[in-house]
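There are 2 protein chains.
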Amino acid sequence: MISLHTSPLDQPGTGDAGGMNVYVLEVAKRLARQGAAVDIFTRATSSTLPAVVEAADGVLVRHVASGPFEGLTKGELPAQLCTFAREVLRTETLHPIGHYDVVHSHYWLSGQVGALARDRWGVPLVHSMHTMAKVKNAALAAGDAPEPSGRLIGEEQVVAAADMLIANTELEARQLVDLYGAEPGRVEVIHPGVDLSVFGRNQPAAARRELGLPLDAHVLLFAGRIQPLKAPDVLLRAVAVLLEEDPELRSRLVVPIVGGPSGSGLEHPESLAQLSSDLGLDDVVRFVPPVDQSRLATWYAASTLVAVPSHNESFGLVAVEAQAAGTPVVAAAVGGLTTVVDDGVSGLLVDGHDPRDWAAALRRVICDPALRARLSAGASAQARMFAWERTAQLTLETYDRARSLMRMDVAV
Amino acid sequence: MISLHTSPLDQPGTGDAGGMNVYVLEVAKRLARQGAAVDIFTRATSSTLPAVVEAADGVLVRHVASGPFEGLTKGELPAQLCTFAREVLRTETLHPIGHYDVVHSHYWLSGQVGALARDRWGVPLVHSMHTMAKVKNAALAAGDAPEPSGRLIGEEQVVAAADMLIANTELEARQLVDLYGAEPGRVEVIHPGVDLSVFGRNQPAAARRELGLPLDAHVLLFAGRIQPLKAPDVLLRAVAVLLEEDPELRSRLVVPIVGGPSGSGLEHPESLAQLSSDLGLDDVVRFVPPVDQSRLATWYAASTLVAVPSHNESFGLVAVEAQAAGTPVVAAAVGGLTTVVDDGVSGLLVDGHDPRDWAAALRRVICDPALRARLSAGASAQARMFAWERTAQLTLETYDRARSLMRMDVAV
């Protein structure tokens, strides 16, 4: 696997690390358990990182020296593609010929490197986009900068080079075909999973005690990287509407924002805190730095609902994790969230990002205990449809398919 | 050879094409004449370009499809490095093993690709920087943007990967060692050349008649890409000072600006024309679009002097071409210009870019026919020191040296 711009060992919820990091590591672990050893190449971002780290049985993370450890922005990474590829090729030569059977790249930068490695090693390239510039640019958050044309071009090249593409959802598969000209026969839909042993084991009351939250509070959680794309501002504006309509709720309301600034959000790391102050919400909003998976599971379980107001999500791992904890999700009806959240069954889908619509959806869940109980049960059931074991099994089958469909190019 | 971002077939003086394009083609031609066939890989920038063009006997230009033909800026090219490298490697596989003996890359983008090809083919990498970000950023023209850190990093990587580096001048060699940590034993100074059969064959009077210039005019020529780095504005401001001090000169003064906007100059293509108007020089300044080598030689020969006010030049091919035509050069005392121009013998060097200093230097040449005649003879003599045949001969020797000094890396 190649995950150039973000390491599966990074803490999700900060920097460039998010759902994709969880995905890469969880799938790699299950692939290894199913007998396929995995090397994950990622760019070294610190001089203290060893060249190789065993992340799990059969899963090695290889830190590739390419460019300075710190200070490179995502926009500067394209200039490192060639050197990164060179180092990956060099590492491979330390092994017997035929060491790798398949290259699986994540995100377009890795796909560029993967295409070259594929040629060189004579093995198929399987690529997962995770996010796509054309989709992101079509649903741009206010204040967010469009993705540069270099990324769009790079993505098109990766689609053309890949022997198989893995889409997280049916919608993503359609976008690959419609926007990037992928051959339908080379696109496989495989849903990501969720680890029920991590996210499904907490009881709400115990979770609240652990986090020091009142048992009778309405806890409306946002978890994710703080950037315009993820739209945490929509939740705050909706809460302001809610409190204006029903000031009584204030004393029982807690709105935790778990995550750190990222991407274009880094340019204004304080803007969400400023918005909270401007809306007079400082007594209800609580900013919590990114936490590990186990602690995040406690936050989900402790919450009345989890809000996912993103302008776009290829899948929406937060939504499926929250559901695994038995917590209803109020999500924007965009991208993979329409697959993950069963509207009215495991949570509520909201069209658009109007704070009044969001306030209405939040109110429905808060003020209707019967609905809440029904959605909670539905959420748990929905989460059981997403298992990493199944993701890995289908991924292995896709590797086989890529081998049989390998484009008839010269190996170089 | 690799010349990713600009083709040796492009017209110098426009877009990203300048002295380096001349260099690549002239050296390649002489290498071929000395028995070493040359393939030059460059990025295809038009759908009408054939895959392979024979530029001269033994010199093939290979157009590599990598990214859209038009509309990619230089800043977007780093994202194409990996795909470009992939296509270069694919092309090589169409030949018998061992087809290429050496990779010679020009400019850092090409060096990134060259480093990978070197590994793959098991041949040495010889690299020519032509320009360097750290040098350029240290002498930035007002209004010019500094080169991004991604380029600095990329250059450092190429220096570390190259088996030999070719510097155009002793100064460039020192900069490679001092600023980029190059091993002194891996840096060879080889001066570019000039084609006397092209630039030394025109008589001034005939040239003026051909261009319709009065025989008694003072013709002060600027030739080059119009961008802040090349500082054509300094010439215009100096001419304004000159005319203020000596209005009588006006009727006999012609200031041709031969070249097109390029680089950061593209953002304000009209700013030089605007400056000319603001300074009240529209009757003496004449804008001429880029011309081919033969026509440029006519312009040099027709000129009283050629001004090269650049903020930096790795070499300064315009200065040596002008001298080949027997025309004195008034140049900024920066970079390679201090090697090319023999101060007081083949032209005048000016410290800094103060228009008053420049006006004084222009006046010395214009108003002193004896000095002018001496400088003209000195210019012709100086130009004979620079011959492409010699450049090519030393380059071939450097290839041999690179082979014997090849870094002991694994081939991949």
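From first to last, the protein sequence lines are chains Y and E. Reminder that position 94 of the first sequence reads as 94 in the working numbering, one-by-one numbering, no gaps. For the working numbering, add 1000 to where a residue sits in the second sequence, where the first one is 1. A virtual CB, placed ideally from N, CA and C, is assigned to each residue, including glycine. These figures come from a predicted structure and were not determined experimentally.
Chain-ordered chain E contacts of S149(Y) [CB-CB under 7 Å]: E1076
Contact between the region 160–178 of chain Y and the region 256–275 of chain Y (3+ Cβ pairs under 8 Å): no
Would I1097(E) pass as an interface residue toward chain Y - the criterion being a Cβ-Cβ separation below 8 Å? no
Segments of 4+ residues assigned as alpha helix (DSSP H) that fall wholly inside the region 124–212 of chain Y: 133–138, 149–161, 170–180, 196–199, 204–211
Which residue or residues does DSSP assign as beta-bridge partners of I1097(E)? Paired residue(s): none; I1097(E) is not in a bridge.
Do we get a CB-CB distance below 8 Å when we pair I1002(E) with the residues of chain Y? no
Extent of the continuous alpha helix (DSSP H) to which G347(Y) belongs: Element bounds for G347(Y): not the alpha helix (DSSP H) but the beta strand (DSSP E), 347–350.
Can you check whether the C-beta of R62(Y) is within less than 8 Å of a C-beta belonging to chain E? no
Measure how close the beta-carbons of A1325(E) and N1202(E) come, nearest whole angstrom, since I'm counting them as under 8 Å. 6 Å
Using 8 Å as the threshold, is the region 286–296 of chain Y in touch with the region 343–362 of chain Y, meaning 3 or more CB pairs across them? no
DSSP three-state label for P78(Y), please. helix
Could you spell out where the alpha helix (DSSP H) holding A387(Y) opens and where it closes? Here A387(Y) belongs to no alpha helix (DSSP H), and DSSP marks it neither H nor E.
For D1039(E), count neighbouring Cβ atoms within 10 angstroms of its own Cβ and tell me buried if that reaches 16, exposed if not. buried
Report yes if the C-beta distance between L1176(E) and V1159(E) is below 8 Å; otherwise report no. yes
Just checking: is the beta-carbon of P1146(E) within a distance shorter than 8 Å of some beta-carbon in chain Y? no
Please list the terminal residues of the continuous alpha helix (DSSP H) segment that includes K1333(E). Note on residue identity: the sequence assigns Ala, not Lys, to residue 1333(E). That residue, A1333(E), is in no alpha helix (DSSP H); it is neither H nor E in DSSP.
Every unbroken beta strand (DSSP E) within the region 246–324 of chain Y, with a cutoff of 3 residues, ordered by chain: 253–258, 285–288, 305–308
Let me know if C82(Y) comes out buried or exposed under the rule of 16 or more other beta-carbons within 10 Å of its beta-carbon. buried
Using three-state DSSP, classify D1400(E) as helix, strand or coil. helix
In terms of DSSP beta bridges, what is D1343(E) paired with? G1347(E)
How is R1043(E) classed by DSSP in three states: helix, strand or coil? strand
Among P96(Y), R43(Y), Q34(Y), whose alpha-carbon lies nearest the alpha-carbon of E70(Y)? R43(Y)
Suppose you measure from the CA of E478(Y) to the CA of P1008(E); what does that come to, to the nearest Å? The first residue shown for chain Y is 1 and the last is 412, placing residue 478(Y) beyond what the model contains.
State the CB to CB distance for the pair F199(Y) and A297(Y), rounded to an integer number of angstroms; the pair is presumed to be in contact (CB under 8 Å). 5 Å
Which residues mark the beginning and the end of the beta strand (DSSP E) in which A1223(E) is found? 1218–1223
Expressed to the nearest angstrom, what Euclidean distance is found between the alpha-carbon atoms of V1254(E) and F1222(E)? 11 Å
Expressed to the nearest angstrom, what Euclidean distance is found between the alpha-carbon atoms of H1104(E) and A32(Y)? 43 Å
Is P1068(E) close to chain Y, meaning its C-beta is less than 8 Å from at least one C-beta of that chain? yes
By Cβ distance, which residues of its chain are closer than 6 Å to D436(Y), with the 5 residues on each side in sequence left out? The structure shown has nothing for residue 436(Y), since chain Y only spans 1 to 412.
Could you pull out every residue in the same chain whose Cβ sits closer than 6 Å to the Cβ of S128(Y), ignoring the five residues on either side in sequence? H106, I166
Distance between W108(Y) and L179(Y) (C-alpha atoms, nearest Å): 15 Å
Inter-residue CB distance, L305(Y) and P269(Y) (contact presumed, cutoff 8 Å): Going by Cβ atoms, the distance from L305(Y) to P269(Y) rounds to 26 Å, so no, they are not a contact pair.
Between which two residues does the alpha helix (DSSP H) harbouring S380(Y) extend? 369–383
Which whole-angstrom value describes the C-beta separation of V308(Y) and A331(Y), a residue pair presumed to lie in contact below a C-beta threshold of 8 Å? 4 Å
Assuming L272(Y) and I226(Y) make a contact with CB atoms under 8 Å, what is their CB distance in whole Å? 6 Å
P256(Y) classed as buried or exposed, judged by whether at least 16 other C-beta atoms fall within 10 angstroms: buried
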